[in-house]
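In terms of this note's numbering, the sequence shown is numbered consecutively and its last residue is 215.
In this text, a Cβ means the ideal position worked out from N, Cα and C, and glycines have one as well.
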Amino acid sequence: MTKKDYYLVTLIGFLVGCLILLPAKNIGFNVTLAFIFVSIVGFTLFAPLALFILKTLGKRWPVFEQFGKFAAVGTLNTLLYFAVINLLMLLTDISKGSSYSIFVVLGSLISATNSYLWNKFWTFGSRLPISFKEIIKFVSFTLIGALINTSVASLIVNEIGAPTGVDPKLWANIGALVAVFAGFLWNFLSYRKFVFKND
Numbered sequence: 017m018t019k020k021d022y023y024l025v026t027l028i029g030f031l032v033g034c035l036i037l038l039p040a041k042n043i044g045f046n047v048t049l050a051f052i053f054v055s056i057v058g059f060t061l062f063a064p065l066a067l068f069i070l071k072t073l074g075k076r077w078p079v080f081e082q083f084g085k086f087a088a089v090g091t092l093n094t095l096l097y098f099a100v101i102n103l104l105m106l107l108t109d110i111s112k113g114s115s116y117s118i119f120v121v122l123g124s125l126i127s128a129t130n131s132y133l134w135n136k137f138w139t140f141g142s143r144l145p146i147s148f149k150e151i152i153k154f155v156s157f158t159l160i161g162a163l164i165n166t167s168v169a170s171l172i173v174n175e176i177g178a179p180t181g182v183d184p185k186l187w188a189n190i191g192a193l194v195a196v197f198a199g200f201l202w203n204f205l206s207y208r209k210f211v212f213k214n215d
């Protein structure tokens, strides 16, 4: 772990602190200046601390250091995904149906592009140049992850539906959050084992 790792994870914390504001606003949080300050400063300070803890655990179990980077990038990807979905919900006032599923796909594609760049060059430190073969592998495994993500989110939002008294925008975010967890393990294992191997 280098100083560069701490600079990058601090940048990720800052971006997460900014991106979380849009979904928070959309589901009804009172996004005051104090809320903005706490979000941005809190995540900016928390990210390097969390990476340090995982780096320390990595001395005994090496996978923790790499997993810490993946978790940081995954958090950024997740908030980017939520920001896209919530921006589209705010612009259209749509929070269910086929349009919602399209929002989830768009959020997944944008966050997947971000994921590729961060994970290739930072998390897994691939020394290989970007290649067509690697991109095809990444896209294939990411599409499976996106299918898992979209299916779970659509099932929760469109089939199960919001319980009585639960705001549809809040329920749409809950569906998206559960979907993120469903795809997280798949993405880590497939990227680590098949996509960004340094061989």
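Would you mind stating whether residue i and residue j have Cβ atoms separated by less than 8 Å?
| i | j | result |
| --- | --- | --- |
| LYS85 | TRP138 | yes |
| LEU37 | VAL25 | no |
| LEU104 | LEU122 | yes |
| LEU193 | ILE43 | no |
| VAL173 | GLY191 | yes |
| GLY32 | THR129 | First, the residue type needs correcting, since residue 32 is Val and not Gly in the sequence shown. Not closer than 8 Å, so no. |
With distance defined between alpha-carbon atoms, name the residue in the options nearest to residue i.
| i | options | result |
| --- | --- | --- |
| VAL155 | GLY58, ASN203, GLY29 and LEU35 | ASN203 |
| ASP21 | ALA88, GLY44, ASN46 and VAL79 | ALA88 |
| LEU70 | GLN82, LEU61, THR60 and PHE59 | GLN82 |
| GLY58 | GLY123, CYS34 and ILE176 | CYS34 |
| ALA66 | SER55, PHE80, VAL54 and SER127 | PHE80 |
| SER127 | PRO184, ALA40 and ILE101 | ILE101 |
Give the straight-line distance between the Cα atoms of residue i and residue j, rounded to the nearest whole angstrom.
| i | j | result |
| --- | --- | --- |
| ILE28 | ASN93 | 10 Å |
| PRO78 | LYS19 | 18 Å |
| VAL120 | LYS213 | 29 Å |
| ALA99 | THR72 | 32 Å |
| GLY199 | LEU49 | 34 Å |
| ASN165 | ALA195 | 5 Å |
| VAL168 | PRO145 | 34 Å |
| LEU201 | LEU107 | 32 Å |
| PHE30 | PRO39 | 16 Å |
| SER131 | PHE140 | 11 Å |
Kindly indicate if chain B contains any beta-carbon less than 8 Å away from that of residue i.
| i | result |
| --- | --- |
| VAL100 | Structure shown: chain B not included; a single protein chain is present. |
So residue i and residue j are supposed to be a Cβ contact under 8 Å. How far apart are they, rounded?
| i | j | result |
| --- | --- | --- |
| ALA188 | TYR97 | The pair is not a contact, with the Cβ atoms about 12 Å apart (cut-off 8 Å). |
| SER142 | LYS149 | Contact doesn't hold; Cβ gap of about 12 Å is too wide. |
What runs of the beta strand (DSSP E), each 3 residues or longer, lie entirely inside the stretch 118 to 163? none
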